[in-house]
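**Student:**
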Amino acid sequence: MRTRLGPVIELRPTLFGDRRNNDFGVAYEIFVLDLYGDELGLDSAKVRRVVDLGANVGFSCLYWLARFPECKLDAYEPHPGHARQAARNIGLNGASHRVKLNQAGAGAKARNASLSDRGSGSTIGDGGDIDIAIVDVFPDLLNTPLDILKMDIEGGEYELMEDPRFAQINARAIFMEWHQCGAQGLVWCRDRLQALGYRVVTATDDGGHGMITAMR
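For what it's worth, the numbering used here labels the leading residue of the sequence shown as 763, then goes sequentially.
(1) Please name the residue, chosen from Cys943, Ser876, Gly959, Val819, that lies closest to phenylalanine 928 on a Cα-to-Cα basis.
(2) Suppose you measure from the CA of alanine 837 to the CA of aspartate 891; what does that come to, to the nearest Å?
(3) Applying the 10 Å Cβ sphere with the 16-neighbour rule, what's the burial state of valine 949?
(4) Out of Gly803, Asp785, Asn784, Arg829, which has the shortest C-alpha to C-alpha gap to leucine 767?
(5) Less than 8 Å between the CB atoms is what I'm expecting for glutamate 852 and leucine 824, so what's the real figure, rounded?
(6) In whole angstroms, what is the alpha-carbon distance linking leucine 854 and phenylalanine 821?
(7) Exposed or buried, methionine 763, counting other C-beta atoms within 10 Å across all chains shown (16 or more means buried)?
(8) Would you call the CB atoms of alanine 849 and leucine 827 closer than 8 Å?
(9) Considering Cα atoms alone, identify which of Gly799, Gly803, Glu924, Met973 is closest to glycine 869.
(10) Verify whether the separation of the beta carbon atoms of asparagine 874 and aspartate 893 is less than 8 Å.
(11) Whether or not the region 810-817 and the region 780-797 are in contact is what I'm after, with contact meaning three or more pairs of Cβ atoms, one per stretch, closer than 8 Å; do they touch?
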(Lines of atoms letter the chains of each structure in order from A and count residues from 1; the text may use other names and numbers.)
(Lines give C-alpha, C1' and ligand atoms only; values in the text may rest on other atoms or scores of the structure.)
Protein backbone atom coordinates (compact mmCIF):
# COMPACT_ATOMS: atom_id res chain seq x y z
CA MET A 1 0.00 0.00 0.00
CA ARG A 2 1.05 3.61 -0.49
CA THR A 3 1.06 5.86 2.56
CA ARG A 4 -0.15 9.46 2.58
CA LEU A 5 3.43 10.58 3.07
CA GLY A 6 4.43 8.79 -0.11
CA PRO A 7 6.39 5.60 0.69
CA VAL A 8 5.08 2.24 -0.46
CA ILE A 9 5.02 -0.39 2.29
CA GLU A 10 4.30 -4.10 2.43
CA LEU A 11 2.22 -5.38 5.35
CA ARG A 12 2.76 -9.02 6.23
CA PRO A 13 -0.16 -10.98 7.70
CA THR A 14 -0.34 -10.81 11.48
CA LEU A 15 0.51 -14.52 11.57
CA PHE A 16 3.45 -14.90 9.17
CA GLY A 17 4.42 -18.56 8.90
CA ASP A 18 4.87 -19.59 12.53
CA ARG A 19 5.78 -16.06 13.61
CA ARG A 20 3.60 -13.21 14.78
CA ASN A 21 4.25 -9.62 13.86
CA ASN A 22 2.65 -6.22 14.22
CA ASP A 23 3.41 -4.57 10.88
CA PHE A 24 -0.03 -2.95 10.78
CA GLY A 25 0.30 -1.48 14.28
CA VAL A 26 3.78 -0.09 13.60
CA ALA A 27 2.64 1.42 10.29
CA TYR A 28 -0.41 2.96 11.96
CA GLU A 29 1.71 4.61 14.67
CA ILE A 30 4.21 6.06 12.21
CA PHE A 31 2.10 7.03 9.19
CA VAL A 32 -1.34 7.67 10.73
CA LEU A 33 -0.68 8.78 14.33
CA ASP A 34 2.51 10.54 13.15
CA LEU A 35 4.57 9.23 16.04
CA TYR A 36 7.61 11.25 14.96
CA GLY A 37 5.68 14.38 14.05
CA ASP A 38 7.01 17.80 13.11
CA GLU A 39 6.85 19.38 16.57
CA LEU A 40 10.55 20.30 16.43
CA GLY A 41 10.18 22.30 13.23
CA LEU A 42 13.29 20.78 11.64
CA ASP A 43 14.22 22.22 8.25
CA SER A 44 13.70 19.31 5.86
CA ALA A 45 16.48 20.50 3.55
CA LYS A 46 19.06 20.64 6.34
CA VAL A 47 18.60 17.20 7.87
CA ARG A 48 21.42 15.13 6.40
CA ARG A 49 22.11 12.26 8.82
CA VAL A 50 19.71 10.08 10.80
CA VAL A 51 20.56 7.05 12.94
CA ASP A 52 17.65 4.67 13.57
CA LEU A 53 18.20 2.22 16.44
CA GLY A 54 15.46 -0.39 16.34
CA ALA A 55 14.38 -0.04 12.72
CA ASN A 56 11.93 -2.98 12.87
CA VAL A 57 10.61 -3.53 9.31
CA GLY A 58 11.83 -0.22 7.95
CA PHE A 59 8.73 1.95 8.29
CA SER A 60 10.52 4.50 10.46
CA CYS A 61 13.39 4.58 7.96
CA LEU A 62 10.97 5.31 5.12
CA TYR A 63 9.33 8.03 7.22
CA TRP A 64 12.66 9.81 7.76
CA LEU A 65 13.67 9.40 4.12
CA ALA A 66 10.38 10.88 2.89
CA ARG A 67 10.37 13.79 5.35
CA PHE A 68 14.02 14.64 4.82
CA PRO A 69 14.89 14.09 1.14
CA GLU A 70 18.55 15.07 1.61
CA CYS A 71 19.28 12.67 4.47
CA LYS A 72 21.10 9.38 4.59
CA LEU A 73 20.42 6.86 7.28
CA ASP A 74 22.19 4.25 9.40
CA ALA A 75 19.73 1.67 10.74
CA TYR A 76 20.11 -1.18 13.24
CA GLU A 77 17.67 -4.07 13.60
CA PRO A 78 18.67 -7.38 15.29
CA HIS A 79 15.60 -9.49 14.44
CA PRO A 80 16.51 -11.34 11.22
CA GLY A 81 12.93 -11.48 9.93
CA HIS A 82 12.34 -7.79 10.58
CA ALA A 83 15.71 -6.87 9.04
CA ARG A 84 14.88 -8.82 5.87
CA GLN A 85 11.50 -7.10 5.66
CA ALA A 86 13.12 -3.71 6.28
CA ALA A 87 15.47 -4.31 3.35
CA ARG A 88 12.48 -5.27 1.21
CA ASN A 89 10.42 -2.20 2.16
CA ILE A 90 13.37 0.12 1.59
CA GLY A 91 14.07 -1.56 -1.76
CA LEU A 92 10.43 -1.19 -2.87
CA ASN A 93 10.97 2.57 -2.64
CA GLY A 94 14.29 2.59 -4.50
CA ALA A 95 16.02 3.91 -1.38
CA SER A 96 18.61 1.22 -0.66
CA HIS A 97 21.43 3.56 -1.68
CA ARG A 98 20.42 5.97 1.10
CA VAL A 99 20.32 3.41 3.94
CA LYS A 100 23.02 1.34 5.61
CA LEU A 101 21.03 -1.43 7.28
CA ASN A 102 22.86 -3.34 10.00
CA GLN A 103 21.34 -6.65 11.10
CA ALA A 104 22.51 -6.25 14.68
CA GLY A 105 21.39 -4.85 17.99
CA ALA A 106 22.73 -1.51 19.22
CA GLY A 107 24.68 -1.71 22.46
CA ALA A 108 27.64 -0.32 24.34
CA LYS A 109 29.79 -3.41 23.78
CA ALA A 110 29.99 -6.15 21.18
CA ARG A 111 28.67 -9.56 22.18
CA ASN A 112 26.31 -12.37 21.25
CA ALA A 113 22.82 -12.38 22.77
CA SER A 114 19.39 -13.96 22.49
CA LEU A 115 16.25 -12.20 21.32
CA SER A 116 12.66 -13.06 22.15
CA ASP A 117 10.36 -13.40 19.15
CA ARG A 118 7.46 -11.11 20.10
CA GLY A 119 6.94 -9.15 16.91
CA SER A 120 7.61 -5.43 17.32
CA GLY A 121 8.12 -5.95 21.07
CA SER A 122 10.99 -8.45 20.86
CA THR A 123 13.48 -7.99 23.69
CA ILE A 124 17.05 -9.05 24.40
CA GLY A 125 17.60 -11.33 27.38
CA ASP A 126 17.89 -14.84 28.72
CA GLY A 127 15.68 -17.46 27.20
CA GLY A 128 15.24 -15.78 23.83
CA ASP A 129 14.43 -17.81 20.74
CA ILE A 130 16.82 -16.11 18.29
CA ASP A 131 20.62 -15.81 18.46
CA ILE A 132 21.76 -12.32 17.47
CA ALA A 133 24.81 -10.07 17.48
CA ILE A 134 25.06 -6.88 19.51
CA VAL A 135 27.54 -4.31 18.25
CA ASP A 136 29.15 -1.34 19.96
CA VAL A 137 27.20 1.41 18.24
CA PHE A 138 29.16 4.34 19.67
CA PRO A 139 31.82 4.49 16.91
CA ASP A 140 28.98 5.07 14.44
CA LEU A 141 27.22 7.58 16.69
CA LEU A 142 30.38 9.59 17.33
CA ASN A 143 32.03 9.67 13.92
CA THR A 144 30.02 12.64 12.59
CA PRO A 145 27.32 14.97 13.93
CA LEU A 146 23.74 13.65 13.83
CA ASP A 147 20.63 15.55 12.94
CA ILE A 148 18.33 12.88 14.42
CA LEU A 149 18.93 9.94 16.74
CA LYS A 150 15.93 7.63 17.08
CA MET A 151 15.93 4.89 19.73
CA ASP A 152 13.24 2.25 20.08
CA ILE A 153 15.11 -0.72 21.50
CA GLU A 154 12.79 -2.16 24.16
CA GLY A 155 14.75 -1.27 27.28
CA GLY A 156 18.18 -1.28 25.65
CA GLU A 157 18.20 2.52 25.82
CA TYR A 158 19.63 2.41 29.34
CA GLU A 159 22.77 0.56 28.31
CA LEU A 160 23.47 3.38 25.85
CA MET A 161 22.38 6.30 28.02
CA GLU A 162 24.41 5.10 31.04
CA ASP A 163 27.59 4.84 28.99
CA PRO A 164 29.88 7.90 29.43
CA ARG A 165 30.21 8.16 25.64
CA PHE A 166 26.52 9.01 25.34
CA ALA A 167 27.39 12.53 26.51
CA GLN A 168 29.68 12.92 23.49
CA ILE A 169 26.97 12.30 20.89
CA ASN A 170 26.43 15.44 18.84
CA ALA A 171 22.74 15.00 17.99
CA ARG A 172 20.42 17.91 17.28
CA ALA A 173 17.27 15.93 18.07
CA ILE A 174 16.43 12.67 19.84
CA PHE A 175 13.24 10.68 19.42
CA MET A 176 13.11 7.78 21.84
CA GLU A 177 10.74 5.27 23.38
CA TRP A 178 11.46 4.74 27.08
CA HIS A 179 10.54 1.62 29.04
CA GLN A 180 10.11 1.17 32.77
CA CYS A 181 12.99 -1.00 34.01
CA GLY A 182 13.04 -1.02 37.80
CA ALA A 183 13.79 2.52 38.98
CA GLN A 184 14.61 3.65 35.46
CA GLY A 185 11.82 5.16 33.44
CA LEU A 186 10.46 8.46 32.19
CA VAL A 187 11.93 10.64 34.97
CA TRP A 188 15.36 9.02 34.69
CA CYS A 189 15.48 9.47 30.90
CA ARG A 190 14.21 13.05 31.05
CA ASP A 191 16.75 13.99 33.74
CA ARG A 192 19.59 12.37 31.80
CA LEU A 193 18.76 14.24 28.60
CA GLN A 194 18.30 17.55 30.37
CA ALA A 195 21.64 17.14 32.16
CA LEU A 196 23.26 16.83 28.71
CA GLY A 197 21.71 20.09 27.53
CA TYR A 198 18.65 18.77 25.74
CA ARG A 199 15.30 20.50 25.97
CA VAL A 200 12.56 17.90 26.37
CA VAL A 201 9.82 19.03 24.04
CA THR A 202 7.30 16.27 24.71
CA ALA A 203 7.19 13.28 27.05
CA THR A 204 4.36 10.74 27.29
CA ASP A 205 3.60 7.94 29.74
CA ASP A 206 1.45 5.15 28.32
CA GLY A 207 1.79 2.94 31.38
CA GLY A 208 5.31 1.60 31.65
CA HIS A 209 6.55 3.06 28.38
CA GLY A 210 6.17 6.18 26.29
CA MET A 211 7.87 8.64 23.97
CA ILE A 212 10.34 11.47 24.58
CA THR A 213 11.22 14.06 21.98
CA ALA A 214 14.20 16.26 22.83
CA MET A 215 16.27 18.89 21.06
CA ARG A 216 19.44 20.90 21.56
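Glycine included, C-beta positions come from ideal geometry on N, C-alpha and C. Fair warning: this is a prediction, and the values are worked out from it, not measured in the lab.
**Tutor:** This is what the structure holds:
(1) In the sequence shown, the residue the question calls residue 928 occupies position 166. Nearest of Cys943, Ser876, Gly959, Val819 to phenylalanine 928, Cα basis: Gly959.
(2) Counting from 1 along the sequence shown, the entry for residue 837 is found at position 75. Counting from 1 along the sequence shown, the entry for residue 891 is found at position 129. Looking at the two C-alpha atoms, the distance is approximately 23 Å.
(3) Your numbering for residue 949 matches position 187 in the sequence shown. Counting Cβ neighbours within 10 Å, valine 949 comes out exposed, since fewer than 16 surround it.
(4) Mapped onto the sequence shown, residue 767 falls at position 5. Of the listed residues, the one whose Cα sits closest to leucine 767 is Arg829.
(5) As a first step, residue 852 is located in the sequence shown; it is residue number 90 there, counting from the start. As a first step, residue 824 is located in the sequence shown; it is residue number 62 there, counting from the start. In the sequence on display, residue 852 carries isoleucine and not glutamate. Going by Cβ atoms, the distance from isoleucine 852 to leucine 824 rounds to 7 Å, so yes, they are a contact pair.
(6) As a first step, residue 854 must be located in the sequence shown, where it is residue number 92. As a first step, residue 821 must be located in the sequence shown, where it is residue number 59. Going by the C-alpha atoms only, they are around 12 Å apart.
(7) Stepping through the sequence shown from its first residue, residue 763 is reached at position 1. It is exposed - the Cβ of methionine 763 has fewer than 16 other Cβ atoms within 10 Å.
(8) Within the sequence shown, the letter at position 87 stands for residue 849. Within the sequence shown, the letter at position 65 stands for residue 827. Contact flag unset, no.
(9) On the sequence shown, position 107 is the one that residue 869 refers to. Of Gly799, Gly803, Glu924, Met973, the residue nearest in Cα terms is Glu924.
(10) In the sequence shown, residue 874 corresponds to position 112, counting from 1. In the sequence shown, residue 893 corresponds to position 131, counting from 1. Yes.
(11) no
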